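In our numbering, the protein residues as written are 4 to 67.
Working notes, beginning with the structure itself.
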Amino acid sequence: MSKQLVEIISWIFPNLAIFDLKTTAAYGLPLITSDLLWPVLYGISYIGLILIIAIVIFQRRELT
Numbered sequence: 004m005s006k007q008l009v010e011i012i013s014w015i016f017p018n019l020a021i022f023d024l025k026t027t028a029a030y031g032l033p034l035i036t037s038d039l040l041w042p043v044l045y046g047i048s049y050i051g052l053i054l055i056i057a058i059v060i061f062q063r064r065e066l067t
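Right, dumping it as structure tokens:
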């Protein structure tokens with residue numbers, strides 16, 4: 004059961020480790036386009052998904 008719970012939580016919360024570029028910066032390695040592209044796309048996708056969920060939830064409510 005705990006494995007399923009961890010898997011559900013990993014789907015709900017974003018993987019912020021994808022944005023970590025400390026190793027690249029610490030060793031002075033050049034940034035590859037894909038090292039920046041995938042985190043940006045991941046972030047935009049996650050924000051878009053959360054925004055769609057919020058729109059669906061709040062469309063049903065009458066906020067007055």
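Built from N, CA and C at the ideal position, the CB exists for glycine as well.
This one's a predicted model, so the numbers in the text were calculated from it and none came from an experiment.
(message) Less than 8 Å between the beta carbons of ILE21 and PRO42, yes or no?
(response) yes
(message) Going by C-alpha to C-alpha distance, which of LEU40, PHE61, GLY46 and LEU24 sits closest to PRO17?
(response) GLY46
(message) Rounding to the nearest angstrom, what Cα-Cα distance links LEU24 and GLU65 in this structure?
(response) 43 Å
(request) Report the rounded CA-to-CA distance for LEU52 versus PRO33, giving the unit in angstroms. (result) 31 Å
(request) Please state whether DSSP places ASP23 in a helix, a strand or coil. (result) coil
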